[in-house]
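Just so you know, the UniProt record's numbering puts 223 at position 223 of the sequence shown, and the rest follows in order with no gaps. One structure is given here, and the rest of the page talks about it.
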Amino acid sequence: MKLGVIGYGNAGGKIADRLLQFEEQTHRNLTRAVIAINSAKVDLERLEHIPRENRFLVGQTDERVKGHGVGGDPDLGAEITRQDQYEIDRALDRVPVYDIGGFLIIAGLGGGTGSGGAPELAEHIRETYEEPVYGLGILPAEEEGGRAALNAARSLQAFTQATDNLVLFDNHAWRGSEDSVVGGFDRTNTEIVKRVVTLLSAGEIDGSRISENAMDSGDIRRTMATGGVSTIAYAETALGTEERDAGLLGRFREQNSRATANGADAGTRVSGLIRQAVQSRLTCPAAVDSAERSLIVVSGPPEAFSRKGLEKGRQWLERETDSAEVLAGDDPRDGARTLSAVVLLSNVTDVPRVKQLQQQAIMAQRSIKERETTRADEIQALITDDGNELEPL
Ligand code: GDP
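If you want it as structure tokens, here you go:
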């Protein structure tokens, strides 16, 4: 599917930047334009791959912002997005809308600019264009504290409603024990874009051979058309030269309708990889059987594909999700050294992490309100002497 990608806020911009780099490195053909929008000038300047003319600063004329960010305030992030329509429309003008199948808005939901701005932007795009609007929302780790949880839980409500599908990535589930939250972002961002690019670029003709079970971008669109939130599963395996040659031979024999040991191996590998993906860490942990629709893409050199393996994997997922709506297809990548399986579990409704986040958010909201009401009394108690003998000037 061809996309107009917009990274909103700091995390959104960084991930969009990494996505563009990954797309180029893997010779994919996914994006038609990659844009970054932020209220903090320094963050925009730090991006490495998004061209300068595709970076836009919002809220520049607002006294509270002036190019320095919104200080983690999502209400301010939303407000400047509504007010700065001129800059937002200038950014959207960079997207050749006639040539895309959808928009993808990426944002970290625990901060201010992306958290508040991304849902507003999604709403604006939906009112202006016909194309579907997808979101990629990053949930904060628990250690980031109550404020981040509150911002994310509120943004999640608005962002889900404003998009056709919101793919979640949970920083909490992906924080490495040895990494600090910040130190791990580079690695984490690579994991995010690998999944998103492998999934959404399937079906785009970019010089690779067409396979008999090629995924069609219409299938991706259909699977994403559920509304709600989604999660992505992924697994990959490296292919040695020998394996690739063996795969080639196996495929040749399979085509000649002679079942061979190598053909069977390719089938087992493909179906096993699909299973492994679904049983590995999802972008956001969720109960697989709560998905409404799902889609499997097996990506790699056509020699390593197996129609039987793909079908076996598809049937297995159908049973796991207890749903008849499981689509599966190949994404041929000539010369690729890895075989990967990516699975989109669309509209999952059993997502414990979201419930935890909401609990943390409610606690934070209560303590923020309590502190607000007692703050004035505390100031008064501090500046008043114990016997109340002093007169203010
Ligand atoms: P904003 O600029 O006001 O939108 O806020 P940020 O994007 O800086 O931060 C919002 C949230 O995004 C944080 O609470 C983190 O959870 C997350 N975050 C920030 N940077 C990254 C990143 O590079 N990768 C990932 N996965 N998450 C990030």
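Ideal Cβ positions, reconstructed from N, Cα and C, are used throughout, including at glycine.
Among the options, which one has its Cα closest to the Cα of residue i?
i	options	result
I192	L3, C284, T338, S299	C284
A304	S211, E48, A33	S211
G69	I106, N29, L47, G114	G114
D99	L239, G329, L339, L30	L30
Q365	A152, S323, Q276	A152
Y134	Q161, A148, G111, L150	Q161
residue 465	G112, P332, E120, R187	Because the chain here runs from 1 to 393, residue 465 falls outside it and cannot be looked at.
D350	A286, D330, Q356	A286
A341	G67, R275, L57, G137	R275
G300	N213, E45, E123	N213
L344	L327, G184, G13, I138	L327
I232	L239, T223, G240	T223
P132	L3, A336, D385, D322	L3
P74	G9, D43, A16	G9
residue 404	L317, E79, K66, F56	No information on residue 404 is available, as it lies outside the stretch 1 to 393 that the chain covers here.
E130	G101, K14, I362, T190	G101
R32	P392, T384, N171, E204	E204
K194	E24, Q83, S323, H172	E24
I125	A336, I6, A11	I6
E79	S39, P332, A16	S39
V298	R353, D331, G67	D331
H172	R353, A291, D216, R52	R353
E311	T61, A376, S271	S271
Roughly how many whole angstroms lie between the Cα atoms of residue i and residue j?
i	j	result
Q358	H27	40 Å
residue 394	L166	A question about residue 394 goes unanswered here, because the residues of the chain that appear run from 1 up to 393.
R319	D289	9 Å
V229	K41	31 Å
S346	E325	10 Å
L382	F103	53 Å
N388	Q380	11 Å
R314	L273	11 Å
Q21	H49	6 Å
V97	I88	15 Å
P140	L282	15 Å
S294	T81	33 Å
R154	R269	42 Å
E127	Q85	13 Å
G72	E143	16 Å
T338	T237	6 Å
D164	S306	32 Å
A202	I368	46 Å
I37	G77	11 Å
V334	G59	Here residue 334 turns out to be Asp, not Val, going by the sequence shown. Each residue's Cα considered, the two are about 45 Å apart.
L168	A148	16 Å
R18	G137	15 Å
T260	L239	Low per-residue confidence applies at T260: pLDDT is 43, beneath 50, and the placement is therefore not dependable, though the value from the model is reported in the following sentence. Answer to the nearest angstrom: the Cα atoms are 19 Å apart.
A91	V197	22 Å
V348	D170	14 Å
E63	Y234	45 Å
A107	L317	30 Å
G146	T226	31 Å
A118	I105	7 Å
E45	L109	21 Å
E391	G184	55 Å
I362	R371	14 Å
residue 400	L393	With the chain covering 1 to 393 only, the question about residue 400 has no answer from this structure.
G329	M215	4 Å
S257	S217	Below a pLDDT of 50, predicted positions are generally treated as unreliable, and S257, at 41, falls in that range; no measurement from the model is reported.
I15	E53	18 Å
E120	A158	8 Å
G176	G13	22 Å
On the DSSP bridge assignment, give the partners of residue i in chain order.
i	result
D170	L139
N38	L57
D331	S299
N388	DSSP output for N388 lists no bridge partner at all.
G7	A36, I106
R293	S346
G231	Residue identity check: residue 231 is Thr in the sequence provided, not Gly. BP columns for T231 point to L345.
N151	Looking at the DSSP assignment, N151 forms no beta bridge with any residue, so it has no partner.
V326	S294
N189	According to DSSP, N189 bridges with nothing at all.
N165	Y134
T338	A238
As an exercise, report each continuous beta strand (DSSP E) stretch of at least 3 residues that is fully enclosed by the region 47-113, in chain order.
55-57, 102-108
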